[in-house]
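>
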Amino acid sequence: MKKVALLFGVGALVGALSLVYNLGQDYAIQQAGLLAIVDAVVFAFFAFATFSLLHNRLKVFSPQQQWLLRALFYTIALVMAYFFSALIKINLLNDSVLDGNGISNFFWDTLVDLSAIPQGQGTLSELFPPALRQIVLTFIILILLISVASILGSWVEIRWQESRFRQARERAELTALRAQMEPHFLFNTLNTITSLVKHDAEKAEKLLIELSEMLRYLFQNANTDRVALKDELHFTRLYVHLIQARFSENLTVRWEVEPVAEGFLVPAFMLQPLLENAVRHGWIDQSNPLEISIRVNRKASFLCLQIVDNGQGIAPVMQAKYKKPGHALANLEDRLKLFYGRTDLLKLESKWKKGTLVEICIPE
1 MKKVALLFGV GALVGALSLV YNLGQDYAIQ QAGLLAIVDA VVFAFFAFAT
51 FSLLHNRLKV FSPQQQWLLR ALFYTIALVM AYFFSALIKI NLLNDSVLDG
101 NGISNFFWDT LVDLSAIPQG QGTLSELFPP ALRQIVLTFI ILILLISVAS
151 ILGSWVEIRW QESRFRQARE RAELTALRAQ MEPHFLFNTL NTITSLVKHD
201 AEKAEKLLIE LSEMLRYLFQ NANTDRVALK DELHFTRLYV HLIQARFSEN
251 LTVRWEVEPV AEGFLVPAFM LQPLLENAVR HGWIDQSNPL EISIRVNRKA
301 SFLCLQIVDN GQGIAPVMQA KYKKPGHALA NLEDRLKLFY GRTDLLKLES
351 KWKKGTLVEI CIPE
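All letters in the sequence shown, in the order written, are residues 1 to 364 by this note's numbering.
(1) Under DSSP, the alpha helix (DSSP H) around S212 begins and ends at which residues?
(2) With a CB to CB cut of under 6 angstroms and the five nearest residues on each side skipped, what residues in its chain are close to F247?
(3) Classify F43: buried if its beta carbon has 16 or more other beta carbons within 10 angstroms, exposed otherwise.
(4) Using 8 angstroms as the cut-off, can you tell me whether the region 261-271 makes contact with the region 357-364, which would need three or more C-beta pairs spanning the two stretches below that distance?
(5) Is any heavy atom of the ligand HEM found at a distance shorter than 8 angstroms from the C-beta of K347?
(6) CB-CB under 6 angstroms to V358, same chain, minus the five flanking residues each way: which ones, in chain order?
(7) Does the count of Cβ pairs from the region 185-192 and the region 221-237 closer than 8 angstroms reach three?
(8) If I'm right that V10 touches A47 with Cβ under 8 angstroms, what's the distance once you round it to whole angstroms?
(9) Have a look at S85, V156, Q286 and flag the residue whose alpha-carbon is nearest the alpha-carbon of V14.
(10) How big is the Cα-Cα spacing for G311 and E276?
(11) Looking at C-beta atoms only, is the number of pairs between the region 213-228 and the region 194-201 that lie closer than 8 angstroms three or more?
(12) DSSP state of T50, grouped into three classes?
(13) Do I292 and V257 have their C-beta atoms within less than 9 angstroms of each other?
(14) Counting C-beta neighbours from all protein chains within 10 Å, is the total for E205 16 or more, i.e. buried, or is it exposed?
(15) Return the bridge partner residues of V296 from the DSSP annotation.
(16) Per DSSP, which residues does L357 bridge with? Please list them.
(17) Cβ atoms of A77 and T50: under 9 angstroms apart, would you say?
(18) What number of angstroms, rounded off, separates the C-alpha of E210 from the C-alpha of L242?
(19) May I ask you to report which of helix, strand or coil DSSP gives P363?
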């Protein structure tokens, strides 16, 4: 619908303006109508082609870069449309659209003054009659604009293809992460349920139901990039219940969630790997209770999620390891950059023997 609206909107606007202008230039009604149709079709075509070229491809850039590139491409497209339309009208009317005393003569006369024809073979004005100069100049400008547009278009296309490649790689990594998590997690959870069957069948049944819900969520969102925060939190709560069944009262998880934030879309499976890291790597001495706080709130124009634990923390010499490709934090940082085009959305603060804070702030 956007393409159709753009096509007819630009065509109608340019056609109407062209008709009014041409009638003011003492063209006959038939000629003015023909020129207006040419302008409408050409401008609509270039606007449509530019929209199709840029559609979804600028998402890999920052908002400021998107605005600049969009303005640049549409400016080039409109200028190209003007000269292409002028070229067509020159042929239709066998007349110069550019005034003989205007830009064209000034350009060529200046060029003649600056460069002499060898061996006195005449001047450029003699070699190129005024009528031909208009066509040649229009062709030169069109070629230059096409070259600039091609270079910019190729750059945008390369960035877009790189983005698609990163998306494919990210999905593959996410799929591998799920495949890695499921056997490990299933093994521990089923062992816990088995140990409960004889002396607490009701709790074992509840855990089986929660496990089935969690697996259903995994399968249903296997190829989903973003999910509602409400669903992601429900999935994370299921995960928390299942691991708490293993560690009993030694693991405490506190939730602080603003209800208004639950409708926001967030990257799928974002919180669970962070919780798993806190339990597996931050809780070495399991004789000491581990407390984890999950906070979700709005800060200015961002949705911020914090996971804070009182575990052993990360030694300074080990923090660089957590940024290496393949690690949960590095994978999550790559996904955030892919979705939002920014590298400052994830923050890690850790003090040895005092705990770790991971904060993710997502633009609304």
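Ideal placement from N, C-alpha and C gives every residue a C-beta, glycine not left out.
Please read these numbers as outputs of a predicted model, since none were measured by experiment.
Taking the definition as stated:
(1) 201-220
(2) none
(3) buried
(4) yes
(5) Annotation note on the ligand HEM: not contained in the displayed structure, which lists no ligands.
(6) L274, I307, L348
(7) no
(8) 4 angstroms
(9) S85
(10) 13 angstroms
(11) no
(12) helix
(13) no
(14) exposed
(15) V257, L305
(16) V308, E349
(17) yes
(18) 8 angstroms
(19) strand
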